[in-house]
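Peer 1: First the structure, then my questions, so here it is.
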Amino acid sequence: MHHHEKLAFFKFFLVYFISIALLILVAGYFYFEQTKNHFLKEEEFSLIEYARHIKMGNSLDEYSKDYHHSFLHVPKHINIKNFTAGTTEFSKLLPMNRNTKYLKVFKSKKSFDEKLWNLKKKIIAMQFLLLLIFAYISYKLAKSALKPLQESIITLDKFAKDLIHDLNTPVTSIQLNMKLIEKIPQLQNNKALIRLNKSINNISELHENLTILLQEETFQIQNQNICQIVQEVVDVQKALYPNIIFHIQCNTFKAKINTHAMKQILQNIISNACKYNVSNGYIKIYHKNNALYIEDNGKGIKEPAKIFERSYSDENSSGLGLDIVKRLAYAMDIKIVVQKNEPSGTTFILSARPE
1 MHHHEKLAFF
11 KFFLVYFISI
21 ALLILVAGYF
31 YFEQTKNHFL
41 KEEEFSLIEY
51 ARHIKMGNSL
61 DEYSKDYHHS
71 FLHVPKHINI
81 KNFTAGTTEF
91 SKLLPMNRNT
101 KYLKVFKSKK
111 SFDEKLWNLK
121 KKIIAMQFLL
131 LLIFAYISYK
141 LAKSALKPLQ
151 ESIITLDKFA
161 KDLIHDLNTP
171 VTSIQLNMKL
181 IEKIPQLQNN
191 KALIRLNKSI
201 NNISELHENL
211 TILLQEETFQ
221 IQNQNICQIV
231 QEVVDVQKAL
241 YPNIIFHIQC
251 NTFKAKINTH
261 AMKQILQNII
271 SNACKYNVSN
281 GYIKIYHKNN
291 ALYIEDNGKG
301 IKEPAKIFER
311 SYSDENSSGL
321 GLDIVKRLAY
331 AMDIKIVVQK
341 NEPSGTTFIL
351 SARPE
């Protein structure tokens, strides 16, 4: 399952499951409160019945030892709704005659507390069972809802792979023919040819980026020395940009990466640093605290926060390169931070998982 499929699956699952879970929990709470009030009314009624037996002189054998009574002299006009639920007992006052003599009946809350505890356990057990059932239903519904999306993604992936594979031959052919044309003395300084060569290189770079990106879901992550990959990329860029000064302070920096994807990330970042640098500018690459720093003194980036958006482009760039960099980095759990340098330039910070 692709990353975006997993994200969509969990979003659908969580929205449905959390909605049902809240409904179950709220229903359980109201059921508990309603039943608790019913139990309280039963307790009050039992005290009234107990008092009636006392007034009529009936036998009290049918009542447990939890029931007790006493006679009190209290002021007149006591509220008839004087049923009280204390911390350890229930009590109620009932008038005996027209004078101030009242009968106080009270009962221990022990049996009531036990009934409440049993009710809580029953409700919690039922809620847990319902949550399990609806978790399974949510899972099945999420899988079913994602099926059309998965089929569409499979179709698009197949189309993209076929397209990139078919582009491989013409791109290679164009590059070879361009090299042959460059050898013609009369065309070596031709401006149109220089622009054409630049466009061909951009197409080739985009082709390589897309090829690596399509392998995103099958990455083999291994412990590799990033500094070694840095050196390989820098060697290529030195030949292309001889006027750029490189300062490399990176000997051993091992992390869990995919070699091809990491090379593509570094190639995009370092080639951009060279391409948009000033004349005789520098690029400094070093590692510190499980992070790789790529620093330049070029023109800088106007909006560092937006450079990884596909719609963002600068200096005739398509904007796809850094979007692909972001996706490849995410697949390897690499965090990329971009900072502006003062007075000019940019620093890319790549934080990777240590070995």
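1 is the number of the first residue of the sequence shown in full-length UniProt numbering; add one for each residue after it. Ideal Cβ placement from N, Cα and C applies to all residues, glycine included. All figures in this text were calculated on a predicted structure; none of them were measured in a lab.
Kindly indicate the opening and closing residues of the beta strand (DSSP E) around Asn268.
Peer 2: Note, Asn268: premise wrong, no beta strand (DSSP E); alpha helix (DSSP H) at 259-275.
Peer 1: Taking the alpha helix (DSSP H) that Gln127 belongs to, which residues open and close that run?
Peer 2: Run containing Gln127: 110-182, per the alpha helix (DSSP H) assignment.
Peer 1: Could you check the C-alpha separation between Asn316 and Glu309 for me, to the nearest Å?
Peer 2: Because the pLDDT at Asn316 is just 47, under 50, the model does not fix this residue reliably, and the value given afterwards should be weighed accordingly. C-alpha separation (whole angstroms): 15 Å.
Peer 1: Just to confirm, are Phe12 and Ala145 a CB contact at a threshold of 8 Å?
Peer 2: Yes, the pair counts as a contact, with Cβ atoms nearer than the cut-off.
Peer 1: Output the distance between the C-alpha atoms of Arg353 and Ala8, rounded to the nearest integer angstrom.
Peer 2: When rounded, the distance between both Cα atoms is 26 Å.
Peer 1: Please report the straight-line C-alpha distance between Leu129 and Trp117, rounded to a whole angstrom.
Peer 2: Cα to Cα, the separation comes out at about 18 Å.
Peer 1: Per DSSP, what are the beta-bridge partners of Glu295 in this structure?
Peer 2: According to DSSP, which records beta bridges pairwise, Glu295 is partnered with Lys284, Thr347.
Peer 1: Going by DSSP in three states, Leu23 sits in which element: helix, strand or coil?
Peer 2: Reduced to three states, the DSSP call for Leu23 is helix.
Peer 1: Please say whether Leu180 and Leu187 have beta carbons closer to each other than 8 Å?
Peer 2: In this structure, Leu180 does not lie closer than 8 Å to Leu187 by Cβ.
Peer 1: How long is the line joining the alpha carbons of Thr252 and Leu292, rounded to whole angstroms?
Peer 2: Roughly 11 Å between the two C-alpha positions.
Peer 1: Using CA coordinates, which residue listed in Lys36, Ser19, Lys92 is at the minimum distance from Lys49?
Peer 2: The sequence shown places Glu at residue 49, rather than the Lys named in the question. The shortest Cα separation from Glu49 among Lys36, Ser19, Lys92 belongs to Lys92.
Peer 1: Glu43: buried (16+ other C-beta within 10 angstroms of its C-beta) or exposed?
Peer 2: Glu43 is buried by the Cβ-count criterion.
Peer 1: For Ile78, tell me which candidate among Leu60, Leu103, His247 has the shortest Cα-Cα distance.
Peer 2: Of the candidates Leu60, Leu103, His247, the one whose C-alpha sits nearest the C-alpha of Ile78 is Leu103.
Peer 1: Which partner residues does Gln34 have in the DSSP bridge list?
Peer 2: Its beta-bridge partners do not exist; DSSP assigns none.
Peer 1: For Leu149, which residues in the same chain have their Cβ closer than 7 Å to its Cβ, ignoring the five residues on either side in sequence?
Peer 2: Here the set comprises Glu5, Ala8.
Peer 1: Kindly list the residues whose CB is nearer than 7 Å to the CB of Lys109, restricted to its own chain and excluding five residues on each side of it in sequence; keep chain order.
Peer 2: If we look at Lys109 and ignore the five residues flanking it on each side, its Cβ neighbours are Thr88, Glu89, Phe90.
Peer 1: Out of Gln237, Asn297, Tyr31, which has the shortest C-alpha to C-alpha gap to Lys122?
Peer 2: Taking only the C-alpha atoms, the option nearest Lys122 is Tyr31.
Peer 1: Can you list, in chain order, the residues of its chain with a C-beta nearer than 6 Å to that of Gln339? Leave out the 5 residues immediately preceding and following it.
Peer 2: Once the five neighbours on either side are set aside, the close Cβ partners of Gln339 are Thr347.
Peer 1: Is it right to say His287 is buried, meaning 16 or more other beta carbons lie within 10 angstroms of its own, or is it exposed?
Peer 2: Buried, since its Cβ has 16 or more Cβ neighbours within 10 Å.
Peer 1: Could you pull the start and end residues of the beta strand (DSSP E) that Glu89 belongs to?
Peer 2: Here the beta strand (DSSP E) through Glu89 covers 89-95.
Peer 1: If you check the beta carbons only, do Ser204 and Val171 fall under 8 Å apart?
Peer 2: Result yes, Cβ atoms of Ser204 and Val171 sit closer than 8 Å.
Peer 1: Cβ atoms of His247 and Tyr276: under 8 Å apart, would you say?
Peer 2: No, the pair does not count as a contact, with Cβ atoms beyond the cut-off.
Peer 1: Quick one: what does DSSP say Lys11 is sitting in, helix, strand or coil?
Peer 2: In this structure, Lys11 counts as helix in the three-state DSSP scheme.
Peer 1: Assuming Lys115 and Phe39 are in contact, meaning their beta carbons sit under 8 Å apart, how far apart are those beta carbons, in whole angstroms?
Peer 2: Contact holds; Cβ gap of about 6 Å.
Peer 1: Is residue 359 buried or exposed, if buried means 16 or more other CB atoms sit within 10 Å of its CB?
Peer 2: Since the first residue shown for the chain is 1 and the last is 355, residue 359 is missing from the structure and cannot be characterised.
Peer 1: Taking only three categories from DSSP, how would you classify Leu40?
Peer 2: Correct three-state label for Leu40: helix.
Peer 1: Alpha carbon to alpha carbon, how far is Gly28 from Val105? Give it in angstroms, no decimals.
Peer 2: The alpha-carbon atoms of Val105 and Gly28 are separated by roughly 33 Å.
Peer 1: Taking the straight line between their C-alpha atoms, what separation do you get for Lys238 and Met178?
Peer 2: Distance between the alpha carbons of Lys238 and Met178: 21 Å.
Peer 1: Give me the Cβ distance between Val233 and Ile270, rounded to the nearest whole Å; I'm assuming they're in contact under 8 Å.
Peer 2: About 5 Å separates the two Cβ atoms, so the contact holds.
Peer 1: Assign Asn289 to one of two classes, buried (16 or more other C-beta atoms within 10 Å of its C-beta) or exposed (fewer than that).
Peer 2: The residue in question, Asn289, is exposed, as its Cβ has fewer than 16 Cβ neighbours within 10 Å.
Peer 1: Hey, would you say Asp322 sits closer than 8 Å to Ile212, going by beta carbons?
Peer 2: Note on identity: in this sequence residue 322 is Leu, with Asp being the wrong assignment. It is not a contact, given that the beta carbons lie outside the stated cut-off.
Peer 1: With respect to the beta strand (DSSP E) encompassing Gln249, which residues constitute its N-terminal and C-terminal limits?
Peer 2: Per DSSP, Gln249 belongs to the beta strand (DSSP E) from 245-249.
Peer 1: DSSP three-state call for Asn202: helix, strand or coil?
Peer 2: Asn202: helix per DSSP, three-state reduction.
Peer 1: Helix, strand or coil for Arg353 per DSSP?
Peer 2: Coil at Arg353, not helix or strand.
Peer 1: Just the Cα atoms here: how many angstroms apart are Lys140 and Tyr330?
Peer 2: One C-alpha to the other measures close to 28 Å.
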